[in-house]
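Each residue of the sequence shown is one higher than the last, beginning at 340 in this note's numbering. Cβ coordinates follow ideal geometry from the N, Cα and C atoms, glycine included.
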Amino acid sequence: MVEKAIKEAKRYPSKNQLFRSLEKQVQYQTLNTILDYLESSNKITYDREGAIIWVFADNPKLKKLLVGSTRLR
């Protein structure tokens with residue numbers, strides 16, 4: 340749910356704005372845990388102002404190229 344919201348918006352100016360846009364069943368502590376996970380897996384990043392930006396490349400053409408590519412050491 341959180342990942343989908345960030346992916347569709349591409350950018351949220353703050354955690355608070357993202358939190359307010361989500362359904363009420365998500366607690367703020369849970370949101371912070373999810374954001375930590377997404378950042379550690381390189382799906383999101385934060386800019387200088389603290390905005391949340393989706394950076395993960397999930398393009399179907401890119402996935403096809405990765406599957407067919409030769410893996411280097």
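(request) Return helix, strand or coil for residue 413, following the three-state DSSP convention. (result) In the structure as shown, the chain starts at 340 and stops at 412, and residue 413 therefore has no counterpart that could be examined.
(message) For residue 387 and residue 409, I'd like the C-alpha separation in whole angstroms.
(response) 36 Å
(request) Apply the 10 Å Cβ neighbour rule to residue 405 and answer buried if 16 or more other Cβ atoms are within range, or exposed otherwise. (result) exposed
(request) Just list the alpha helix (DSSP H) runs in the stretch 346-372, keeping only unbroken ones of 4 residues or longer that don't cross its boundaries, in chain order. (result) 354-360
(request) Indicate whether residue 382 and residue 370 have their beta-carbon atoms separated by less than 8 Å. (result) no
(message) Measuring only the C-alpha atoms, how far is residue 361 from residue 367?
(response) 10 Å
(request) Using only alpha-carbon positions, find the residue among 357, 392, 376 and 380 that is nearest to residue 350. (result) 392
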